[in-house]
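So the mapping is simple: the working numbering equals the position in the sequence shown, first residue as 1, plus 20. Every residue, glycine too, gets a C-beta built ideally from N, C-alpha and C. In this text the structure is predicted, and so the values were computed from the model without any measurement. Notes to accompany the following structure.
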Amino acid sequence: MPGIPELLIILLIVLVVFGASKLPQIGHGLGSAIKNFKRAASGDDEIEVSKKAALDGKAAKELPATADEDIEEVVVRRRVKKES
Numbered sequence: 021m022p023g024i025p026e027l028l029i030i031l032l033i034v035l036v037v038f039g040a041s042k043l044p045q046i047g048h049g050l051g052s053a054i055k056n057f058k059r060a061a062s063g064d065d066e067i068e069v070s071k072k073a074a075l076d077g078k079a080a081k082e083l084p085a086t087a088d089e090d091i092e093e094v095v096v097r098r099r100v101k102k103e104s
């Protein structure tokens with residue numbers, strides 16, 4: 021963990037590189053990023069559990085159980101289109 025002298029040197033370098041006018045924007049962006057990361061890490065998802073469960077169930081019904089079933093379905097569809 022860097023000490024006070026190292027942090028001051030880093031702050032001075034950031035000040036020289038970005039300028040004093042950009043520091044508030046950088047601080048705001050960094051704070052927002054940390055806030056969003058903490059919210060995502062805590063598990064407060066925007067999708068409700070019931071909606072997620074419903075979506076998972078619907079997706080499971082739509083997907084074939086195996087890749088072979090998916091290939092067979094495509095082959096059957098192509099044969100039907102050619103015969104029509």
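- In this chain, Ala40 is not harboured by any alpha helix (DSSP H), its DSSP state being neither H nor E.
- Taking the CA atoms as reference points, Met21 sits about 18 Å from Val34.
- DSSP, read as helix, strand or coil, puts Gly23 in coil.
- Contact between Phe57 and Ile46 is absent: CB atoms are separated by about 16 Å, not below the 8 Å threshold.
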